[in-house]
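Here's the structure we're looking at; comments come further down.
There are 2 protein chains.
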Amino acid sequence: MNSVLKELQSNREMRIALDAMGGDFAPEEIIKGAHIAVKKKNVRIFLVGNQQILERELNALNITDEKLQIRGAEDIIKEGEHPAIAVMQRPNASVNVAAKIVKSGEADAMVSMGSTGAVMVSAMKAFGMMEGIERPIVGGPFLGFAPNTTVADLGANVDCKPRHLLGFALMGCVVARTLFGVANPTVALLSVGAEEGKGNNLVREAFPLLKNSGLNFIGNVEGNDIVNGKANVILCDGFVGNILVKFCEALGTTISHYLDASLKSYLSAVEINRITEELMTKTNYADSMGGGPIWGVNGVAIVGHGRAKADEVAKAITLAKIVVENNLIPEMQKELQKFRRLLTPNEKPD
Amino acid sequence: MNSVLKELQSNREMRIALDAMGGDFAPEEIIKGAHIAVKKKNVRIFLVGNQQILERELNALNITDEKLQIRGAEDIIKEGEHPAIAVMQRPNASVNVAAKIVKSGEADAMVSMGSTGAVMVSAMKAFGMMEGIERPIVGGPFLGFAPNTTVADLGANVDCKPRHLLGFALMGCVVARTLFGVANPTVALLSVGAEEGKGNNLVREAFPLLKNSGLNFIGNVEGNDIVNGKANVILCDGFVGNILVKFCEALGTTISHYLDASLKSYLSAVEINRITEELMTKTNYADSMGGGPIWGVNGVAIVGHGRAKADEVAKAITLAKIVVENNLIPEMQKELQKFRRLLTPNEKPD
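The following block contains the structure:
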């Protein structure tokens, strides 16, 4: 049942631009995470952010490592600013500078624990969108009980057309193949009934498009089928996906608290903790993966959870390495190219 | 945290038309459930279905009670038939006959463990729709961790207009007030961000309508807020609602299995069972309530889970009694009447 992320053995040093100012526990936990990563993996990390703050933090933590290098980014996105808008207005914000370092070729990937919206916008601006894709996508497994089930979109694309779902399917299959080693991923539409014809307008219109796509399309699946991992790639608009992920995380957390209380008279705190932590890992799965790559942009951008601590930051850096080594971006570009005609809107843009 | 269903003390005998042929365990468990109900509550039950089958079953179960009376309904919906269509084509199917008994005034409410679609169609045909409502709605609390949070729609209305969500809100508030005793229920739109403007087209269009409705509207809530019970009435289209309920039930079941395995070495089977059963009650909550009333039809129709056994059937019968005694239907009609103008489409019907 465990995730089967394909980590390759590579001799090449991976260069990561890390947004050291993004996330609830920045910069301390970000720097600690970077330090864990450079000790364990063959990576070199640019810590991107305010020079003074980062120098002070490195000193305070007593960390010196020639593989950790500060890169100044003087603008700071303030508490209360809308992250995506602030990113547009502040080219020297750390997340933007990290993206530019990748764009220039100095780094292979960017990693940020900042807001998903901010990372999306900065990646979109720096790398550009893949042909046939209009907006960045967040996708991936979000439930540890179904680690080989990638769901997309989980975020930004709230009102979709059938061609958008086809795009999610194509990229999802590349993710399933390259990151999870699934040879011929099954694809399904998330709906309210298994039969063709069941669902809302979007699902009913997308069904024939997917059926005739040549993908390994198995039809509609229902809410329970996400839990049971019935398909490797499950498609929904970002409205449904985002609500599901947040519901799942909160339900996992609530059940963990419920177990804390129910098991108190039977088990030791350590034993209870082992059970509830495992449950949290399975229901707050993005945390345990360290984050996920943004889909649809021409470059590697990993976005992690805002509340990530050092261990998760290190995992996100490892994930960036895996994504680069498995050629996720070029593989996505190649796949989209094949379906170019179907991804291009026939109607006027809306 | 427990449900606070307002059961009134009434001297009046409640008359229930029970679809004895609907449900996975019909007729045996349905009859047993009816028998439990008549022994405990002041109810009289029409067992509606095939006369011969029901007589045989009553004999086999050795049940005789003057408050249980068979009413013949000779048509049977066969395995594999589309339930809602079959209901249209078979006026003498048990679910239709049950609805007609209510319509004629011989019974106060119908109860069925058959398919939700079938119950909706038969209730719609027999009772007619409330003014301003186009299609029946399924709503209610679906998570035992948030027993005072009614979510609608959970089923049939997959593509909605803002006015439909207003209808769900009005009826949801009546449910919260009359069934759960919430004096001034809070109402929220399920969305992907708390701020006004966040969400898909439907949510963004529905926001001002709800804001200006005079209801106790608190804005948007997110997926996690369902778990935390942030509002008493949470609105979504039936596509989102149906996926969420099925996801929730399956996740609860999967976590229960996970706990079975994790706790085996610590606790006795009886202790584990107590914990997992409680969890199942909380995550498969509609089962534990016995079912829910169909909203928007001019009569009381309770639909339960197909896999209901005797105890749940008895609960569904009690629920029917509560719904009738609390005047749910007249209260809904009155509330909808007030908002009549806003519920009527200005555009051409779609």
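Chains as they are written, first to last, in my numbering: chain A, -17 to 332; chain B, -17 to 332.
The C-beta atom is built at its ideal place from N, Cα and C for all residues, glycine as well.
Owing to the predicted nature of the structure, the values given are computational and were not obtained by experimental measurement.
Residue i - DSSP class collapsed to helix/strand/coil
| i | result |
| --- | --- |
| L136/B | coil |
| I200/B | strand |
| A(-1)/B | strand |
| T131/A | coil |
| R(-6)/A | coil |
| P167/A | coil |
| V222/B | helix |
| V295/B | helix |
| D57/A | strand |
| D269/A | helix |
| I52/A | strand |
| I13/B | helix |
| M111/B | strand |
| A19/B | helix |
| I254/B | helix |
| G99/B | helix |
| A68/A | helix |
| E317/B | helix |
Residue i at chain B interface by Cβ criterion, 8 Å
| i | result |
| --- | --- |
| E48/A | no |
| N266/A | no |
| E204/A | yes |
| L191/A | no |
| S244/A | yes |
| D6/A | no |
| V222/A | yes |
| E231/A | yes |
| V305/A | no |
| F150/A | no |
| E253/A | yes |
| V174/A | yes |
| F127/A | yes |
| N214/A | no |
| P327/A | no |
| K228/A | yes |
| N(-16)/A | Model confidence at N(-16)/A stands at a pLDDT of 38, short of 50, so the residue's coordinates are unreliable; what they give is reported in the following sentence. No, N(-16)/A does not count as interfacial toward chain B. |
| L147/A | no |
| L261/A | yes |
| I(-2)/A | no |
| I45/A | no |
| L197/A | no |
Limits of the beta strand (DSSP E) - the one that residue i falls within
| i | result |
| --- | --- |
| G31/B | V25 to G31 |
| A91/B | A91 to S94 |
| R145/A | Here R145/A belongs to no beta strand (DSSP E); instead the alpha helix (DSSP H) covers P144 to T160. |
| G205/A | Unbroken run through G205/A is the alpha helix (DSSP H), G205 to V209; no beta strand (DSSP E). |
| G215/B | Position check: residue 215/B holds Val in this sequence, whereas Gly was assumed. First-last of the beta strand (DSSP E) with V215/B: V215 to L217. |
| I276/B | G274 to W277 |
Inter-residue CB distance, residue i and residue j (contact presumed, cutoff 8 Å)
| i | j | result |
| --- | --- | --- |
| S86/A | G4/A | S86/A to G4/A, Cβ: 20 Å. No contact. |
| A213/B | A170/B | 4 Å |
| V20/B | E(-5)/B | Actually they are not in contact, since the Cβ atoms of V20/B and E(-5)/B sit about 10 Å apart, beyond 8 Å. |
| M95/A | A8/A | 7 Å |
| A128/A | G211/A | 3 Å |
| L184/B | I216/B | Not a contact, Cβ separation roughly 14 Å. |
| A176/B | N202/B | 5 Å |
Proximity test, Cβ basis, 8 Å: residue i and chain C
| i | result |
| --- | --- |
| I276/A | Of the chains in the structure shown, none is chain C; the protein chains are A and B. |
Proximity test, Cβ basis, 8 Å: residue i and chain A
| i | result |
| --- | --- |
| P331/B | At P331/B, the pLDDT of 47 sits below 50, so the modelled position is not reliable; the number obtained from the coordinates is stated separately. Not closer than 8 Å to any Cβ of chain A, the Cβ of P331/B fails to qualify, so no. |
| N130/B | no |
| D135/B | no |
| D141/B | yes |
| G96/B | no |
| I52/B | no |
| V209/B | yes |
| T236/B | yes |
Residue i - containing alpha helix (DSSP H), residue span
| i | result |
| --- | --- |
| I119/A | No alpha helix (DSSP H) holds I119/A; the beta strand (DSSP E) holding it covers I119 to G122. |
| R322/B | R322 to L325 |
| G286/A | Per DSSP, G286/A belongs to no alpha helix (DSSP H) and is neither H nor E. |
| V174/A | Taken as a continuous stretch (DSSP letters only), V174/A belongs to no alpha helix (DSSP H), as it is neither H nor E. |
| L192/B | N183 to K193 |
| A80/A | S76 to K85 |
Near the ligand ADP: residue i beta-carbon under 7 Å from a heavy atom
| i | result |
| --- | --- |
| N32/A | No copy of the ligand ADP appears in this structure; indeed no ligand is present at all. |
Assigned exposure category for residue i - 16 Cβ within 10 Å defines buried
| i | result |
| --- | --- |
| P275/B | buried |
| A91/A | buried |
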